[in-house]
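Chemist:
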Amino acid sequence: MRPARFTDFVIDVVKNTPAADRVQTLADAGDTKRPFGIAITPAGGGREARWQFVGQLPESAKHDTFTDEPVTGPPAPAGPAPQADDEPEAWLAAALAHAECPEIATLERWSTRPGAGAQRGLTVTFHNGARIFARVL
């Protein structure tokens, strides 16, 4: 899934999540420096979280010939549902997992990696081998 389609997918997932009050593209939120991403305001008036999305094609794929055709398989396992007081990384990971998208193979939270630094985000790996790196701004 390329970043543009992923942005649309995430907006659809988040707007249907009761734990969110608002979701919009970064451009709609006033950020014109980053072409792909979203801004999410959790339910209850929590602090807005902004996310930048960067894509990586499957290994050996070329930008001029890669078609973004969905490849499906078992969805990534879902844990607890997103809660309004979750930190942004945990919130978005839970929302995406609960969407049970058959294109998403795995969701990896950066904070749970061994030796994780301060940067928060997710690596979303798709069944076709493509990845989205979603970074909290």
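The sequence shown begins at 5 in the working numbering and counts up one residue at a time. Beta carbons are placed, not taken as given, at the ideal position from N, Cα and C, and that holds for glycine.
Give the DSSP bridge partners of ALA53, in chain order.
Modeler: ALA53 pairs with ILE44.
Chemist: Report the residue from VAL58, VAL17, GLN87 whose alpha carbon sits nearest the alpha carbon of PRO46.
Modeler: Taking only the C-alpha atoms, the option nearest PRO46 is GLN87.
Chemist: Give me whichever residues DSSP pairs with VAL128 in a beta bridge.
Modeler: In DSSP, VAL128 forms a bridge with LEU111, ILE136.
Chemist: By Cβ distance below 6 angstroms, which residues in the same chain neighbour GLN60 in space, the five residues on each side in sequence not counted?
Modeler: Closer than 6 angstroms at Cβ, skipping near neighbours: ARG135.
Chemist: Can you tell me the Cβ-Cβ gap for LEU111 and ALA101, rounded? I've got them flagged as a contact below 8 angstroms.
Modeler: At roughly 6 angstroms, the Cβ-Cβ gap stays under 8 angstroms, so LEU111 and ALA101 are in contact.
Chemist: Got a sec, what are the start and stop residues for the alpha helix (DSSP H) THR11 sits in?
Modeler: 7-19 is the extent of the alpha helix (DSSP H) around THR11.
Chemist: Have a look at THR21 and ALA85 and give me their C-alpha separation to the nearest angstrom.
Modeler: Cα to Cα, the separation comes out at about 9 angstroms.
Chemist: Determine which residues share a DSSP beta bridge with THR29 and list them.
Modeler: DSSP output for THR29 lists ILE42 as bridge partner(s).
Chemist: State buried or exposed for GLU104, treating a residue as buried only when at least 16 other CB atoms are found within 10 Å of its CB.
Modeler: Under this definition GLU104 is an exposed residue.
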